[in-house]
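*Asks:*
There are 2 protein chains.
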Amino acid sequence: MKDNSDMPGHLARRFQQIAVAVFLAEVGDAGFDLTPVQYAALATIKANPGLDQVTLAGLIAYDRTTITGVIDRLVLKGLAERRASSRDRRARELEITDEGRRTLRKITPAVESAQRIMLRGLSAKEGEELMRLLHKVIAAGNELSRAPLREVQA
Amino acid sequence: MKDNSDMPGHLARRFQQIAVAVFLAEVGDAGFDLTPVQYAALATIKANPGLDQVTLAGLIAYDRTTITGVIDRLVLKGLAERRASSRDRRARELEITDEGRRTLRKITPAVESAQRIMLRGLSAKEGEELMRLLHKVIAAGNELSRAPLREVQA
DNA sequence: TACTGATAGTCAGCATACTGAGCAATATCC
DNA sequence: GGATATTGCTCAGTATGCTGACTATCAGTA
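Protein chains in written order, with our numbering: chain D, 4 to 157; chain R, 4 to 157.
(1) Would a check of beta-carbon distances place ILE74(R) closer than 7 Å to chain D?
(2) Quick check on GLU146(R): buried or exposed, where buried means 16 or more other Cβ atoms within 10 Å of its Cβ?
(3) Indicate the three-state DSSP secondary structure (helix, strand or coil) for LEU45(D) in the structure shown.
(4) Identify which residue in VAL73(R), ARG86(R), ILE141(R) has its Cα closest to the Cα of VAL23(D).
(5) Can you tell me the Cα-Cα spacing of ALA157(D) and ALA143(D), whole angstroms?
(6) Give a yes or no on whether the minimum CB-CB distance between VAL140(D) and chain R is below 7 Å.
(7) Measure how close the beta-carbons of ALA192(D) and ILE63(D) come, nearest whole angstrom, since I'm counting them as under 8 Å.
(8) Using a Cβ cut-off of 7 Å (strictly closer), state whether ARG104(D) contacts chain R.
(9) Going by beta-carbon coordinates alone, are LEU97(D) and ALA117(D) separated by less than 7 Å?
(10) On the DSSP letters alone, give me the boundaries of the alpha helix (DSSP H) that ARG149(D) sits inside.
(11) If we ignore side chains and look at the alpha-carbon of each, how far apart do ARG17(R) and ARG95(D) end up?
(12) At what residue ranges does the stretch 93-147 of chain D contain a whole run of the beta strand (DSSP E), taking only runs of 3 or more?
(13) Closest Cβ-Cβ distance between GLY144(R) and chain D: below 7 Å?
(14) Tell me whether GLU154(R) sits in a helix, a strand or coil according to DSSP, three-state version.
(15) Any beta-carbon of chain R closer than 7 Å to the one on ILE110(D)?
(16) Which residues, in order along the stretch 26-49 of chain R, keep a beta-carbon less than 7 Å from a beta-carbon of chain D?
(17) Measuring alpha carbon to alpha carbon, tell me which of ARG67(R), ASP55(R), ASP75(R), GLY61(R) ends up nearest ALA87(R).
(18) Please classify VAL83(D): does DSSP put it in a helix, a strand, or coil?
(19) Taking 7 Å as the threshold (C-beta atoms), are GLY31(R) and ARG153(R) in contact?
(20) Counting only C-beta atoms, is ARG67(D) closer than 7 Å to chain R at any point?
(21) How would you write the range of the alpha helix (DSSP H) that PHE26(R) sits in, first residue to last?
(22) Which bits of chain D does LEU137(R) rub up against, with CB to CB less than 7 Å?
(23) With 7 Å as the threshold, decide whether the Cβ of GLU129(D) is near any Cβ in chain R.
(24) Once the 5 residues before and after ILE48(R) are set aside, which same chain residues still bring their CB inside 6 Å of it?
(25) Which residue marks the beginning of the alpha helix (DSSP H) containing GLU60(D), and which one marks its end?
(26) Taking 7 Å as the CB-CB limit, is GLY124(D) close to chain R?
(27) Can you tell which of ASN51(D), THR58(D), LEU136(D) has the C-alpha that lies nearest to the C-alpha of PRO151(D)?
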């Protein structure tokens, strides 16, 4: 029987587990209470003002049923706003608040520090190679999860 | 602002997301209802009969509060048994059942197929390099999560 | 032996993720 | 124009994963 730790699935889970722990530790030390998922959502809302929830979900590969709760919490924290769209009454337009912008700005050093820490143990070259391989394998498997990455169409 | 997809944390999450989806699809197609987490736990119980929950958690890097529910479900499905330990009345000894052994045996092809599918898009050489780099980065960050990997001590 | 600390397990509570279902609104096609 | 399909969002239910707290038990020591 093959060892558990020789399975890509196990390594994927473990790397993600460490990445989340490092993110929360760094951001928490900086005095903020924001999860990796909430951070990515907020940053993407800022970069694409007025986008709807499905588009946001596609840009960061979240399930549409997950994004609802994530936005709930961002709104609860006063970092984002959810408005009814005027063009499509089904859709909600998302905006970042001033408070959200401030938070993003102040949190950035901690987020970048976290990315470095989670790659510690690898040389710069190895880190880049890991990123390249992950990009490649993720691109190939994009359609295999219920929540694939979707580019914005003009 | 750095793109989301340039962050190792995002790639970690995405790879894990795809890995889980592929695992569930392959195992489901084979007619079984077992999650990656449940599979790893069951395989580890089989390889270490009579181990307690904390040891199991350490061997697969699960949190001890998570393992409780996982074992609950394995027991519920009749794949494992949980007994009070005779040596330590705090501890529970875990055993795989015949049904669990049968399931593990029949599920193996699907599990191995899943591991191949989640690496599709990479050459054999690239796949090995990805595994090597993940191993290395995970080893370096092992203590950074609440549930680090723990070797069995004789 | 009594005290202290550590350990095994569970529980409540919260945050992802997913399945599947449902509602409301929009698009499409005849 | 009206039936049909599709889309945006939400909800209920289930499964990780974590924090922090708690009980029961064990181990070490004064």
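C-beta atoms are modelled at their ideal positions from N, C-alpha and C, and glycine is treated no differently.
Everything numeric in this text was worked out from a predicted model, so none of it was measured.
*Replies:* Short version:
(1) In the second sequence, the residue the question calls residue 74(R) occupies position 71. Using a CB distance cut-off of 7 Å, ILE74(R) does not count as an interface residue toward chain D.
(2) The residue labelled residue 146(R) in the question sits at position 143 within the second sequence. That one is exposed.
(3) For the purposes of this step, residue 45(D) is taken as residue 42 along the first sequence, with counting starting at 1. In this structure, LEU45(D) counts as helix in the three-state DSSP scheme.
(4) If you number the first sequence from 1, residue 23(D) lands on position 20. Selected option, being the one with the closest Cα: ILE141(R).
(5) Taking the first sequence and counting its residues from 1, one reaches residue 157(D) at position 154. Taking the first sequence and counting its residues from 1, one reaches residue 143(D) at position 140. Unreliable placement is indicated for ALA157(D), whose pLDDT of 41 sits below 50; no coordinate value is reported for it.
(6) Taking the first sequence and counting its residues from 1, one reaches residue 140(D) at position 137. Answer yes: the Cβ-Cβ gap between VAL140(D) and chain R drops below 7 Å somewhere.
(7) Outside the displayed range of chain D (4 to 157) lies residue 192(D), so it cannot be described from this structure.
(8) Counted from its first residue, the first sequence places residue 104(D) at position 101. So no, ARG104(D) is outside the interface.
(9) Here the question's residue 97(D) lines up with position 94 in the first sequence. Here the question's residue 117(D) lines up with position 114 in the first sequence. Cβ atoms of LEU97(D) and ALA117(D): not closer than 7 Å.
(10) Position 146 of the first sequence, counted from the first residue, corresponds to residue 149(D). No residue range can be given for ARG149(D), since it is assigned to no alpha helix (DSSP H) and is classified by DSSP as neither H nor E.
(11) As a first step, residue 17(R) must be located in the second sequence, where it is residue number 14. As a first step, residue 95(D) must be located in the first sequence, where it is residue number 92. C-alpha separation (whole angstroms): 25 Å.
(12) 95-99
(13) Position 141 of the second sequence holds residue 144(R). Chain D, which has a Cβ nearer than 7 Å to the Cβ of GLY144(R), makes this yes.
(14) Here the question's residue 154(R) lines up with position 151 in the second sequence. DSSP places GLU154(R) in coil when its eight states are reduced to three.
(15) Reading the first sequence from its first residue, position 107 is the one you call residue 110(D). Taking Cβ atoms only, chain R never reaches closer than 7 Å to ILE110(D), which makes this a no.
(16) PHE26, PRO39, ALA43, ALA46, THR47
(17) Here residue 87(R) refers to the residue found at position 84 of the second sequence. Considering only alpha carbons, the answer is ASP55(R).
(18) Mapped onto the first sequence, residue 83(D) falls at position 80. In the sequence as presented, Val is not what sits at residue 83(D); that position holds Ala. Strand at ALA83(D).
(19) Here residue 153(R) is taken as the residue at index 150 of the second sequence, counted from 1. Here residue 31(R) is taken as the residue at index 28 of the second sequence, counted from 1. Going by C-beta atoms, ARG153(R) is not nearer than 7 Å to GLY31(R).
(20) As a first step, residue 67(D) must be located in the first sequence, where it is residue number 64. It does not: the Cβ of ARG67(D) has no partner Cβ on chain R nearer than 7 Å.
(21) One-based indexing of the second sequence puts residue 26(R) at position 23. Run containing PHE26(R): 11-32, per the alpha helix (DSSP H) assignment.
(22) Position 134 of the second sequence holds residue 137(R). Those are LEU14, PHE18, listed as they occur along chain D.
(23) Residue mapping note: residue 129(D) aligns to position 126 of the first sequence, counting from 1. Yes, contact with chain R.
(24) Your numbering for residue 48(R) matches position 45 in the second sequence. Excluding sequence neighbours, ILE48(R) sits near ALA83, LEU97, ILE99.
(25) Taking the first residue of the first sequence as position 1, residue 60(D) is located at position 57. The residue asked about is misnamed: residue 60(D) is Ala in this sequence, not Glu. Start and end: 56-63.
(26) For the purposes of this step, residue 124(D) is taken as residue 121 along the first sequence, with counting starting at 1. Judged by the 7 Å Cβ criterion, GLY124(D) is in contact with chain R.
(27) Within the first sequence, numbered from 1, the residue matching residue 151(D) stands at position 148. That would be THR58(D), whose Cα lies nearest to the Cα of PRO151(D).
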